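For the sequence shown, the residue numbers in the working numbering are -17 to 256.
Heads up, the beta-carbon is just placed ideally off N, CA and C, and yes, glycines get one too.
Just so it is clear, the structure is predicted and the values come from calculations on it, not from any experiment.
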Amino acid sequence: MPCVTRRNFVTGGAAVFAAFGSARRVLAQTAPTTAGPAAPALIEDLVAANRILADQGVLDGYGHVSVRHDRDPNRYLLSRSLGPALVTAADIMEWDLDSVPVDPRGRTGFIERFIHGEIYKARPDVLAVVHNHSPSVIPFGVTTAPLLPLYHMSAFLGGGVPVFDIKKAAGESTDMLVRNSALGRALAQTLGARPVALMRGHGAVVVAPSVRIAVFRSVYTEMNARLQAQAMALGGPVTYLDPEEARKASSNVGGTIDRPWELWRQRALGGARP
Ligand code: MN
């Protein structure tokens, strides 16, 4: 009775389709609630971070930086899909940790926003996340050469820099983008407790206890990668910071972060306040 079988199949398909439709309506009804307005200084730093990372060559038309909401650890702030050099306070959107927007108002988010949500879930200590395609780090994600701290400015790399392979995480070839929570979770797992992870054939993720330190680490990860490739090209063994040096040198950053920040901010924004 092939005819009946086909009718059953079609009916079943329609039922599944209807179920999807109602699931979508339920999701729309349960949009996350807002944590309220974030501190203006936090928004200002986030906008400045976008401009600085673009100015420093860490971000170009792609890549993004987020900060955890100061009123609710289960919300984060991230620009709508826009080139970082163009971001203003009006472009900042609020997201829950499943990376669902609180109030999209027709604005589109980044495809790879799940990187941010899943890292905030996995790392309560992390208050800022940068995802970039920082050019000099790319070779270290596709070869057997590990990224190592070459000088004191990048001492935070001392705990090692793991490489996330999206093909292993997905179990198949993908379009290379972290476009859902499962892939975001796998990336957060690779990152572990460290500040930086590379993404094979793609870029990197950098995390920190503040947006200023996230910018600092992003700039000096890019610089370390460039210098390390130069040192390796000179030939012979390269001397990196030893673990004790890395530990001691990385404790210097907290007290001096405002110095490079103000310089970078002036360069990227001039006297303007975003
Ligand atoms: Mn990307």
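Straight-line Cα distance separating residue j from residue i
{"i": "S163", "j": "V108", "result": "18 Å"}
{"i": "G253", "j": "D240", "result": "16 Å"}
{"i": "V189", "j": "P19", "result": "23 Å"}
{"i": "R161", "j": "S155", "result": "13 Å"}
{"i": "S116", "j": "A168", "result": "21 Å"}
{"i": "Q257", "j": "G185", "result": "A query on residue 257 cannot be resolved here, the shown segment of the chain reaching from -17 to 256 and no further."}
{"i": "P66", "j": "A31", "result": "9 Å"}
{"i": "T126", "j": "M181", "result": "13 Å"}
{"i": "R57", "j": "W77", "result": "5 Å"}
{"i": "R229", "j": "R247", "result": "28 Å"}
C-beta contact flag for residue i and residue j at 7 Å
{"i": "H113", "j": "G45", "result": "yes"}
{"i": "V193", "j": "L41", "result": "no"}
{"i": "V143", "j": "G183", "result": "no"}
{"i": "S118", "j": "R199", "result": "no"}
{"i": "V187", "j": "I74", "result": "no"}
{"i": "D52", "j": "L24", "result": "yes"}
{"i": "P14", "j": "V111", "result": "no"}
{"i": "L129", "j": "F138", "result": "no"}
{"i": "I93", "j": "L159", "result": "yes"}
{"i": "A179", "j": "F146", "result": "yes"}
{"i": "A250", "j": "D37", "result": "yes"}
Bridge-paired residues (DSSP) for residue i
{"i": "D78", "result": "R57"}
{"i": "L180", "result": "V145 and A186"}
{"i": "V49", "result": "L59 and A110"}
{"i": "P83", "result": "W77"}
Burial state of residue i, where buried means 16 or more other Cβ atoms lie within 10 Å
{"i": "S233", "result": "exposed"}
{"i": "E226", "result": "exposed"}
{"i": "R258", "result": "One cannot answer for residue 258 here, as it falls past the ends of the chain, which runs -17 to 256."}
{"i": "L216", "result": "exposed"}
{"i": "L245", "result": "exposed"}
{"i": "V220", "result": "exposed"}
{"i": "E204", "result": "buried"}
{"i": "G218", "result": "exposed"}
{"i": "T238", "result": "exposed"}
Original post:
What runs of the alpha helix (DSSP H), each 4 residues or longer, lie entirely inside the stretch 11 to 47?
Top reply: 22 to 37
Subject >> Ranges of the alpha helix (DSSP H) found wholly within the stretch 88 to 127, counting only runs of at least 4 >> reply: 96 to 104 and 120 to 124
Original post:
Counting only runs that start and end within the stretch 192 to 254, where is the alpha helix (DSSP H) found for 4 or more residues in a row?
Top reply: 193 to 216, 225 to 232, 235 to 238 and 240 to 251
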